[in-house]
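K.L.:
Structure incoming, see below.
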Amino acid sequence: MTHDFCPFRAGATNMVARLLLLAVFFWLAGQSAAFSAQTSTGNQPAAVLARSGQDAISSQVLLAATGNAAHASAAHTSSPAQALDPAPADSHPWWFWPLALLFFCFILGIIAVMAGVGGGVLFVPLVSGFFPFHLDFVRGAGLLVALAGALAAGPGLLRRNFANLRLALPVALIASTCAIAGAMLGLALPTNIVQTCLGVTILGIAILLLLSKNSVRPVVTKQDGLSLALGMNGVFLEPSTGEVVEWKTHRTLMGLLLFIAIGIMAGMFGLGAGWANVPVLNLLMGAPLKVAVGTSKFLLSITDTSAAWVYLNQGCVIPLMAIPSIVGLMLGSVVGVRLLAWAKPKFIRYMVIMVLFFAGAKALLKGLGW
Amino acid sequence: MTPVDLKTEIKASPAQLHYADTLFYGALLGFVMMLITYALYVFGILEPQIPLQELPRLWSQDAATYRAAGTIPQGWGWLVLVGKGDMCNFIGVAFLAALTIFCFVQLAWNLGKARQWLMMSIAIAEVLVLSLAASGILVAGAH
Chain Z
1 MTHDFCPFRA
11 GATNMVARLL
21 LLAVFFWLAG
31 QSAAFSAQTS
41 TGNQPAAVLA
51 RSGQDAISSQ
61 VLLAATGNAA
71 HASAAHTSSP
81 AQALDPAPAD
91 SHPWWFWPLA
101 LLFFCFILGI
111 IAVMAGVGGG
121 VLFVPLVSGF
131 FPFHLDFVRG
141 AGLLVALAGA
151 LAAGPGLLRR
161 NFANLRLALP
171 VALIASTCAI
181 AGAMLGLALP
191 TNIVQTCLGV
201 TILGIAILLL
211 LSKNSVRPVV
221 TKQDGLSLAL
231 GMNGVFLEPS
241 TGEVVEWKTH
251 RTLMGLLLFI
261 AIGIMAGMFG
271 LGAGWANVPV
281 LNLLMGAPLK
291 VAVGTSKFLL
301 SITDTSAAWV
311 YLNQGCVIPL
321 MAIPSIVGLM
331 LGSVVGVRLL
341 AWAKPKFIRY
351 MVIMVLFFAG
361 AKALLKGLGW
Chain H
1001 MTPVDLKTEI
1011 KASPAQLHYA
1021 DTLFYGALLG
1031 FVMMLITYAL
1041 YVFGILEPQI
1051 PLQELPRLWS
1061 QDAATYRAAG
1071 TIPQGWGWLV
1081 LVGKGDMCNF
1091 IGVAFLAALT
1101 IFCFVQLAWN
1111 LGKARQWLMM
1121 SIAIAEVLVL
1131 SLAASGILVA
1141 GAH
């Protein structure tokens, strides 16, 4: 199907995309300032005293809901939530942040599709930096967001042979095993260290996106022995030209070793890993861009599954925030695909790189306690 | 490759197509389950383990504090509380997370039938890795 190009409509769509990005910027800045102000207010003794009374009541409600009478009577003196709670009281009703997250993720979904990045890489730094959720829950939700997107895209990619099982299987085994190790490491380390490392990683991803120039069809003169043994070659039909494209990989061992680091980072930060999968499969191993992108998306469904289980088993998934994130991002992706036909993705991509620099710096500063 | 080989290679293998079908219908079912259980939760049809009003105070703290405050068990312990509004959401989430394991079991079987022993071994190893992650054994060491 072809689209007739209409400059007015394309201009309007670009304008909409720019306005969306500007709105996100201002909203993030506003929320960040408001939350910082709230945190400093919450540290005042009067506020703490006023809140401790509410805590005692709410802990009673909480324990009564579990039906544990013995614990409920003990909570008169001190409840676990009260003893461990240094957090500022949030004046918003319970539905405010999940609803804000739904709209935010909807816009994020549109932008992510236009910029050609996965949702997870934007979700984790932005939500951990500008929403009141702890990094544990943001990483858990980030993995589920990336997983849901990969599960939705997987069947189409496999049927069209853009995701290749022979290429994906060995890579997935390495990345998913290391993602488990990364997830356990990320949950064992103190939050400020993980936040600092996240900031550095996001800044690195922004630089990678800025500098990397993917190759549509890399030239692979000779398939190496490992690639040959694993059958890392194939054929796909290029729908735009009707051309049959044969491909094979090289530098396979180096590629497989890099997936150790990719898996660890995916699990540790809950980022998804499309930003790293594609350059390694395409630029290093020599898979055509379409196969690299398709296989990378499919790979996320395996890598993120293993890490997501670790987070899920540790209680790092709050359904109230995770499910609006998944739904918002998926709806945004559907709209983004439709807008993609008219918009100029290059501008959006540069804006996303700027947002990543901003979010990375914010995460770094937050991790360092500045 | 001969033109006949190319024609065969362009098409996804039967094992790949089976994987795609299972993934498609499984993901659809998982998303529907997730939306239904979420509606039951937020509209108050099922009473939650942690009252909704409590969450803004808990979600800014780490997972250990959240678990302690809500007496939420680790691993598969949520199954005991599955009648609660918030815990029942894990049915859809766990189903989606388990989908890849089902797909890989089916893939290993199909690869075995096609006598692709190396790929079948990798698929079986993947099932073991994902099952280990899903088992809840790997919960030690978290803060």
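For the protein sequence lines, the chains are Z and H, in the order given. If you use my numbering, the first sequence corresponds to residues 1 to 370, in order. If you use my numbering, the second sequence corresponds to residues 1001 to 1143, in order. Backbone N, C-alpha and C define an ideal beta-carbon position, used for all residues, glycine too. Keep in mind it's a predicted model, so treat the numbers as computed, not measured.
Under DSSP, the alpha helix (DSSP H) around glutamate 1126 of chain H begins and ends at which residues?
P.N.:
That run of the alpha helix (DSSP H) goes 1117-1135.
K.L.:
Which bits of chain H does methionine 321 of chain Z rub up against, with CB to CB less than 9 Å?
P.N.:
What methionine 321 of chain Z touches in chain H: Leu1055 and Trp1059.
K.L.:
Relative to the C-alpha of valine 235 of chain Z, which residue among Z/Leu228, Z/Glu243 and Z/Ala229 is closest?
P.N.:
Z/Glu243
K.L.:
I'd like to confirm the pairing. Which residues does DSSP put opposite glycine 247 of chain Z in its beta bridges?
P.N.:
The displayed chain sequence assigns tryptophan, not glycine, to residue 247 of chain Z. Looking at the DSSP assignment, tryptophan 247 of chain Z forms a beta bridge with Z/Gly234.
K.L.:
Which residue wins for smallest C-alpha separation from leucine 158 of chain Z, given the options Z/Lys290, Z/Val310 and Z/Ile205?
P.N.:
Z/Lys290
K.L.:
Output yes if chain H places a C-beta closer than 9 Å to the C-beta of phenylalanine 236 of chain Z; else output no.
P.N.:
For phenylalanine 236 of chain Z, the answer is yes, since a Cβ of chain H falls inside 9 Å of its Cβ.
K.L.:
With a threshold of 9 Å between beta carbons, is glutamine 314 of chain Z in contact with chain H?
P.N.:
Glutamine 314 of chain Z belongs to the set of residues whose beta carbon lies under 9 Å from a beta carbon in chain H.
K.L.:
Could you check which residue in H/Ile1072, H/Ser1013, H/Ile1045 and H/Phe1090 has the C-alpha nearest to that of isoleucine 323 of chain Z?
P.N.:
H/Phe1090
K.L.:
Is phenylalanine 951 of chain H close to chain Z, meaning its C-beta is less than 9 Å from at least one C-beta of that chain?
P.N.:
Outside the displayed span of chain H (1001 to 1143) sits residue 951 of chain H, for which this structure offers no information.
K.L.:
Based on Cα-Cα distance, which residue from Z/Ile207, Z/Tyr350, Z/Thr177 and Z/Leu126 lies nearest to serine 107 of chain Z?
P.N.:
A small correction: the amino acid at residue 107 of chain Z is isoleucine; serine does not occupy that position in the sequence shown. Cα-wise, what sits closest to isoleucine 107 of chain Z is Z/Leu126.
K.L.:
Can you tell me whether tyrosine 1019 of chain H is buried or exposed? The criterion is at least 16 other CB atoms within 10 Å of its CB, across all chains shown.
P.N.:
The residue is buried, with at least 16 neighbouring Cβ atoms inside 10 Å.
K.L.:
What is the rounded straight-line gap between the Cα of glycine 315 of chain Z and the Cα of valine 220 of chain Z?
P.N.:
46 Å
K.L.:
Take every Cβ of the segment 261-273 of chain Z, pair it with every Cβ of the segment 142-162 of chain Z, and state whether three or more of those distances are shorter than 8 Å.
P.N.:
yes
K.L.:
Would glycine 263 of chain Z pass as a contact of glycine 182 of chain Z if the rule is Cβ separation under 9 Å?
P.N.:
yes
K.L.:
The alpha helix (DSSP H) that contains histidine 134 of chain Z, what's its start and end?
P.N.:
Segment: none, histidine 134 of chain Z is in no alpha helix (DSSP H) and carries neither H nor E.
K.L.:
On the CB-based measure, 16 or more other CB atoms within 10 Å of its CB, does phenylalanine 123 of chain Z come out buried or exposed?
P.N.:
buried
K.L.:
If you reduce the DSSP assignment to three classes, tell me which class cysteine 197 of chain Z lands in.
P.N.:
Looking at cysteine 197 of chain Z - three-state DSSP - the assignment turns out to be helix.
K.L.:
Would you decide whether isoleucine 193 of chain Z is buried or exposed? Buried here means 16 or more other CB atoms lie within 10 Å of its CB.
P.N.:
exposed
K.L.:
Since leucine 165 of chain Z and aspartate 304 of chain Z are thought to touch, with beta carbons under 8 Å apart, how far apart are those beta carbons, to the nearest angstrom?
P.N.:
So it is not a contact: roughly 18 Å between Cβ atoms.
K.L.:
Does chain H have any CB closer than 9 Å to the CB of methionine 184 of chain Z?
P.N.:
Output row for methionine 184 of chain Z: interface = yes.
K.L.:
Quick check on proline 214 of chain Z: does DSSP put it in helix, strand or coil?
P.N.:
The residue asked about is misnamed: residue 214 of chain Z is asparagine in this sequence, not proline. In the structure shown, asparagine 214 of chain Z sits in coil (DSSP, three-state: anything other than H, G, I, E or B).
K.L.:
Apart from the five residues on each side of it in sequence, which residues of its chain come closer than 6 Å, Cβ to Cβ, to leucine 209 of chain Z?
P.N.:
Ile353
K.L.:
Are the C-beta atoms of threonine 249 of chain Z and some chain H residue less than 9 Å apart?
P.N.:
no
K.L.:
Short check: CB of alanine 1097 of chain H to CB of proline 155 of chain Z, under 9 Å?
P.N.:
In this structure, alanine 1097 of chain H keeps its C-beta atom at 9 Å or more from the C-beta atom of proline 155 of chain Z.
K.L.:
Helix, strand or coil for methionine 1088 of chain H? Go by DSSP, reduced to three states.
P.N.:
The sequence shown places cysteine at residue 1088 of chain H, not methionine. Residue state, collapsed to three classes: coil.
K.L.:
Closest by CA to isoleucine 1036 of chain H, which one among Z/Leu173, Z/Val327 and Z/Leu237?
P.N.:
Z/Val327
K.L.:
Measuring only the C-alpha atoms, how far is valine 355 of chain Z from isoleucine 110 of chain Z?
P.N.:
14 Å
K.L.:
Any C-beta of chain Z sitting closer than 9 Å to the C-beta of glutamine 1074 of chain H?
P.N.:
yes
K.L.:
Could you run through the segment 281-305 of chain Z and flag, in chain order, every residue whose CB is less than 8 Å away from some CB of chain H?
P.N.:
Within the segment 281-305 of chain Z, those residues whose Cβ lies closer than 8 Å to any Cβ of chain H are, in chain order, Ser301, Ile302 and Thr305.
K.L.:
So, at 7 Å on beta carbons, what are the nonlocal neighbours of leucine 1107 of chain H in its own chain, with the 5 sequence-adjacent residues on each side left out?
P.N.:
Ala1015, Tyr1019 and Ala1123
K.L.:
Could you name the residues of the same chain whose beta carbon sits closer than 8 Å to that of isoleucine 1045 of chain H, not counting the 5 residues immediately before and after it, in chain order?
P.N.:
Ala1039 and Gly1085
K.L.:
Which residues mark the beginning and the end of the alpha helix (DSSP H) in which arginine 166 of chain Z is found?
P.N.:
Arginine 166 of chain Z -> alpha helix (DSSP H) spans 165-188.
K.L.:
Return the first residue and the last residue of the alpha helix (DSSP H) that cysteine 105 of chain Z is part of.
P.N.:
96-115
K.L.:
Closest to methionine 265 of chain Z by CA distance: which of Z/Tyr350, Z/Phe298, Z/Pro319 and Z/Ile205 is it?
P.N.:
Z/Ile205
K.L.:
Do you know offhand how far alanine 1069 of chain H's Cα is from alanine 276 of chain Z's?
P.N.:
38 Å
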